[in-house]
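Each residue of the sequence shown is one higher than the one before, counting from 860 in my numbering.
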Amino acid sequence: MASNDQEVGLHLGSAYDTWEKEEAEQRHKLRIRAVWGTLAVVALALLYAAWRAYPILQPQSLLPARLASLPFQLASVTDTLAAASKRADATDAKVNQLVSVWDATRGRFVALESRIRSNLQSVGKETRTLVNQMQRRIEVALEKRLQVLQARISQVEAGQESAQARVAKLEQELAAAREENARQLALLRQDRERTLNRVDEQLASLDQQVKGGKSELAAVQTQIEHRRVEFEAGANHTRELAPGVTLQVSRTNVNQQRFDGWVFLMPDRRTMWVRGQGLQQPLVFYSREDSRPRELVITRVTKYSVIGYVLLPESRS
860 MASNDQEVGL
870 HLGSAYDTWE
880 KEEAEQRHKL
890 RIRAVWGTLA
900 VVALALLYAA
910 WRAYPILQPQ
920 SLLPARLASL
930 PFQLASVTDT
940 LAAASKRADA
950 TDAKVNQLVS
960 VWDATRGRFV
970 ALESRIRSNL
980 QSVGKETRTL
990 VNQMQRRIEV
1000 ALEKRLQVLQ
1010 ARISQVEAGQ
1020 ESAQARVAKL
1030 EQELAAAREE
1040 NARQLALLRQ
1050 DRERTLNRVD
1060 EQLASLDQQV
1070 KGGKSELAAV
1080 QTQIEHRRVE
1090 FEAGANHTRE
1100 LAPGVTLQVS
1110 RTNVNQQRFD
1120 GWVFLMPDRR
1130 TMWVRGQGLQ
1140 QPLVFYSRED
1150 SRPRELVITR
1160 VTKYSVIGYV
1170 LLPESRS
């Protein structure tokens, strides 16, 4: 920090010297310009006086009169020279004012430089103090962490012996668990064999029941047999599908494949209304002649007709 303060001070001092040299050169230039301006004014005044005096001295006949007016002309030239001298004095006063301003500015710059140096020194001192404090805090914190780690390492080393004892105990428990698992597995295998035997017996009994059911179904099928009658019924027309079964189609829905209408049954003189009947949805109805079912099944719905079939029971032999 001290070396940095010295470098900053040297930098400020060199900048100050350079600025002082430049200001001195500016003042010197201003003084030279003022002197040259004064000399130029005097020269112009002399040339003006000579120009005014030449016509006076040239004609000898008018010399007395010219000489009489010469004092007034010289007085005019004198006034001109006095005005030029006043201008030169004013210019010199401005130069002196600039010099005084420069001296005041120089004093302020010196005071500013001294304050900056003082501030830099105080800041450097405070910074070094803070750095030392932070370094001490870090060292204390590291020392505490090292102590904690050392204590943990000691605990780990002390716990290794107990961990080894626990591992030995766990190995014994694992061996006992393996033996118990082997015994349980043997029991499960025996139970599985007994369960499989019971399932086989139940399947055999079920097979016998199925065979008996098939024989019963065959007997029922011999009693109930159906005859399939295909049909196509037009929309808004009445169609006799089979003897005693008449279908009337009142409306068809091709998109949903459904239709509305009614079925008239004879000789029962009974009417069954159909609402939104769909495909492969049997419409089951019975006759008073017997209790055997009849089925009306639709397989296709077009714009102008309904196609399907009727299952009618065959007459018993």
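Where is the CB? At the ideal position from N, CA and C, for every residue including glycine. Note that the coordinates shown come from a computational prediction; the quantities given were computed from them, not determined experimentally.
How many angstroms separate the CA atom of residue i from the CA atom of residue j?
i	j	result
Arg946	Glu884	23 Å
Val1160	Phe1118	7 Å
Gly827	Pro1102	Residue 827 lies beyond the stretch modelled for the chain, which goes from 860 to 1176, so this question has no answer here.
Pro1141	Thr1105	16 Å
Thr950	Lys888	13 Å
Val1133	Asn1112	13 Å
Ala942	Trp910	20 Å
Gln1031	Leu1044	20 Å
Thr877	Arg1004	56 Å
Gln1023	Leu1046	35 Å
Leu905	Arg890	23 Å
Gly896	Val982	53 Å
Trp961	Glu881	11 Å
Ala963	Leu898	31 Å
Ala1017	Asn1056	59 Å
Ala952	Glu985	49 Å
Pro1126	Arg1151	15 Å
Ser1021	Ala1035	21 Å
Asn1040	Asp1066	38 Å
Gln1009	Asn991	27 Å
Leu903	Val894	14 Å
Leu1033	Leu1001	45 Å
Val1007	Val1015	12 Å
Val901	Ser977	54 Å
Ser1064	Gln1049	23 Å
Lys1028	Arg1011	25 Å
Gln994	Arg967	40 Å
Arg1110	His1096	10 Å
Classify residue i as buried or exposed, calling it buried when 16 or more other Cβ atoms lie within 10 Å of its own Cβ.
i	result
Val1026	exposed
Gln1139	exposed
Arg987	exposed
Val1165	buried
Val1122	buried
Arg1128	exposed
Arg1086	exposed
Val1108	buried
Arg1051	exposed
Ala1078	The predicted model places Ala1078 with a pLDDT of 43, which falls under 50 and marks its position as unreliable, so this point remains unresolved.
Arg1153	buried
Would you mind giving the Cβ-Cβ distance between residue i and residue j, rounded to the nearest angstrom? I have them listed as a contact below 8 Å.
i	j	result
Tyr1163	Phe1090	At roughly 15 Å, the Cβ-Cβ gap does not stay under 8 Å, so Tyr1163 and Phe1090 are not in contact.
Gly1135	Gln1116	Between Gln1116 and Gly1135 the Cβ distance is about 10 Å, and since that is not below 8 Å, they are no contact.
Tell whether a beta-carbon distance below 9 Å holds between residue i and residue j.
i	j	result
Glu1173	Glu1099	no
Val1156	Leu1170	yes
Tyr907	Thr937	no
Arg886	Leu979	no
Arg974	Glu879	no
### Message
Can you confirm whether the segment 1138-1149 touches the segment 1049-1066 when touching is taken to mean that 3 or more C-beta pairs between the two stretches lie within less than 8 Å?
### Response
Output reads no: the segment 1138-1149 does not touch the segment 1049-1066.
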